[in-house]
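Written out below as C-alpha cells is the structure these notes cover.
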Amino acid sequence: ADTPEINVREIAAQGARVYRVNGLIDECGKLVGQGAKERGWFDLSTLKEPYRIEGKKTMGLELAEQLGWQLPQVIFYPTGGGTGLIGMWKAFAEMEALGWIGSERPRMVAVQAEGCAPMVRAWQQGERHATRWEDADTIAMGIRVPQAVGDFLILDAVRESGGFAMAVSDTAILQAVEDAGRLDGLLLCPEGGATLAAWRQAVAEGLVSPDDRALLFNCATGLKYPLADESRTLDKNGPIDWAAL
Numbered sequence: 299a300d301t302p303e304i305n306v307r308e309i310a311a312q313g314a315r316v317y318r319v320n321g322l323i324d325e326c327g328k329l330v331g332q333g334a335k336e337r338g339w340f341d342l343s344t345l346k347e348p349y350r351i352e353g354k355k356t357m358g359l360e361l362a363e364q365l366g367w368q369l370p371q372v373i374f375y376p377t378g379g380g381t382g383l384i385g386m387w388k389a390f391a392e393m394e395a396l397g398w399i400g401s402e403r404p405r406m407v408a409v410q411a412e413g414c415a416p417m418v419r420a421w422q423q424g425e426r427h428a429t430r431w432e433d434a435d436t437i438a439m440g441i442r443v444p445q446a447v448g449d450f451l452i453l454d455a456v457r458e459s460g461g462f463a464m465a466v467s468d469t470a471i472l473q474a475v476e477d478a479g480r481l482d483g484l485l486l487c488p489e490g491g492a493t494l495a496a497w498r499q500a501v502a503e504g505l506v507s508p509d510d511r512a513l514l515f516n517c518a519t520g521l522k523y524p525l526a527d528e529s530r531t532l533d534k535n536g537p538i539d540w541a542a543l
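Those letters in the sequence shown? Residues 299 to 543, by this note's numbering.
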C-alpha cells in the first residue's frame, strides 16, 4: 500500500488497472496466483515466468562489455527477489561458454536491510532456503521481500562466488543516499543507498579491500522516493548569504 506514488501513477498511465494491497509483495503475489488459477491470467510474478531472468541477465552482459570484458572483483546487489543477481550469475556462465570471458568470477554480495534480511539469515545459518521474515520493515521498499521464490538460486550464486550476504541499517542507507547526492551528485534510491552502505561496512569489517574493483548497483532514481529534508540549504525566499556559498 505504500508503493511510491509515482510508480503507481506510471503503471496506471500505461493503461493498467491498479489495486493497492494492504500488505507486502509476497501477499500481492498470492493474489495474482489466485487470479491465475481462477481466471486464467498469465502470472508475471517473479520467477513464475521464464522471461525476467533473461532480461536481468543483460546487466551482466552490459557490465562485462563496459568494463572491457574484465569482470569486477566484487558486486554489491540490492536483493529482494534476487532476479538481477541470479540473472548476472547466469550471464557470466554463458559468456564463458562463448569464450567472451575467462573463468574468473566476481564475489556476489546480496545486500538487504536489517529490517528484512531473510537471505542474510539463511546465509549465516548455512541454509539453502530462507524462512519468511516476519514483520518486515525498511525504507528500502524494493528489497522489502520477506520470502523470495528463488531463495536457493540467490544463495547458490553467493556461495559459489565466494561472496556473502550483508544487512545494513536504515540509518546507514539514508546516510549513504545523502552522501552520494552531496559528494557525487547522484540521486540514489534507498536500495542503491543500501549497496553503498554495505560496501562501506564490508570495507570496515575487512570483508573486501578498498582497492578491490567493486561494482555497486543502483536500481532506480531517487526522485521516485521522498527526498531528504534540505531546509537547511534550500531557501527560496530569504536574501542570498554570500558568505555561506
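Each residue gets a CB set at the ideal place from its N, CA and C atoms; glycine is no exception.
Residue i burial status per 10 Å Cβ neighbour count (16 or more: buried)
{"i": "residue 383", "result": "buried"}
{"i": "residue 404", "result": "buried"}
{"i": "residue 516", "result": "buried"}
{"i": "residue 339", "result": "exposed"}
{"i": "residue 323", "result": "buried"}
{"i": "residue 441", "result": "buried"}
{"i": "residue 362", "result": "buried"}
{"i": "residue 444", "result": "buried"}
{"i": "residue 316", "result": "exposed"}
Selected residue, minimal CA-CA separation from residue i, among the options
{"i": "residue 374", "options": "480, 463, 523 and 331", "result": "463"}
{"i": "residue 344", "options": "316, 363, 487 and 377", "result": "377"}
{"i": "residue 455", "options": "331, 489, 337 and 390", "result": "390"}
{"i": "residue 524", "options": "309, 488 and 503", "result": "488"}
{"i": "residue 494", "options": "332, 435, 410 and 535", "result": "410"}
{"i": "residue 347", "options": "330, 503 and 358", "result": "330"}
{"i": "residue 353", "options": "369, 386 and 361", "result": "386"}
{"i": "residue 468", "options": "480, 496 and 303", "result": "496"}
{"i": "residue 446", "options": "458, 457, 432 and 459", "result": "432"}
{"i": "residue 426", "options": "368, 372 and 448", "result": "448"}
{"i": "residue 461", "options": "421, 307, 337 and 335", "result": "421"}
{"i": "residue 457", "options": "482, 406 and 507", "result": "406"}
{"i": "residue 474", "options": "333, 459 and 499", "result": "499"}
{"i": "residue 508", "options": "371, 476 and 483", "result": "371"}
C-alpha gap between residue i and residue j, whole angstroms
{"i": "residue 400", "j": "residue 318", "result": "46 Å"}
{"i": "residue 416", "j": "residue 300", "result": "21 Å"}
{"i": "residue 438", "j": "residue 542", "result": "33 Å"}
{"i": "residue 395", "j": "residue 511", "result": "24 Å"}
{"i": "residue 413", "j": "residue 538", "result": "42 Å"}
{"i": "residue 514", "j": "residue 490", "result": "8 Å"}
{"i": "residue 388", "j": "residue 452", "result": "11 Å"}
{"i": "residue 303", "j": "residue 398", "result": "42 Å"}
{"i": "residue 492", "j": "residue 502", "result": "15 Å"}
{"i": "residue 392", "j": "residue 356", "result": "11 Å"}
{"i": "residue 381", "j": "residue 350", "result": "7 Å"}
{"i": "residue 435", "j": "residue 472", "result": "15 Å"}
{"i": "residue 321", "j": "residue 465", "result": "22 Å"}
{"i": "residue 419", "j": "residue 429", "result": "9 Å"}
{"i": "residue 328", "j": "residue 342", "result": "12 Å"}
{"i": "residue 479", "j": "residue 309", "result": "27 Å"}
Proximity test, Cβ basis, 8 Å: residue i and chain B
{"i": "residue 309", "result": "No chain B appears in the structure shown, which is made up of a single protein chain."}
Closer than 7 Å: residue i CB and nearest the ligand ZN heavy atom
{"i": "residue 404", "result": "The model depicted lacks the ligand ZN and carries no ligand whatsoever."}
Assigned secondary structure, residue i (DSSP; H/G/I helix, E/B strand, else coil)
{"i": "residue 518", "result": "coil"}
{"i": "residue 334", "result": "helix"}
{"i": "residue 314", "result": "coil"}
{"i": "residue 486", "result": "strand"}
{"i": "residue 329", "result": "helix"}
{"i": "residue 513", "result": "strand"}
{"i": "residue 494", "result": "helix"}
{"i": "residue 477", "result": "helix"}
{"i": "residue 506", "result": "coil"}
{"i": "residue 324", "result": "helix"}
{"i": "residue 303", "result": "helix"}
{"i": "residue 356", "result": "helix"}
{"i": "residue 471", "result": "helix"}
{"i": "residue 501", "result": "helix"}
Just to confirm the assignment: which complete alpha helix (DSSP H) runs, minimum length 4, are found wholly within the region 359-386? Secondary structure in the region 359-386: no alpha helix (DSSP H) run of 4 residues or longer lies completely within the stretch.
Can you give, in chain order, each stretch of the alpha helix (DSSP H) that sits fully within the region 388-467 and has at least 4 residues? Listed in chain order, the complete alpha helix (DSSP H) runs (minimum 4 residues) inside the region 388-467 are 416-423 and 449-458.
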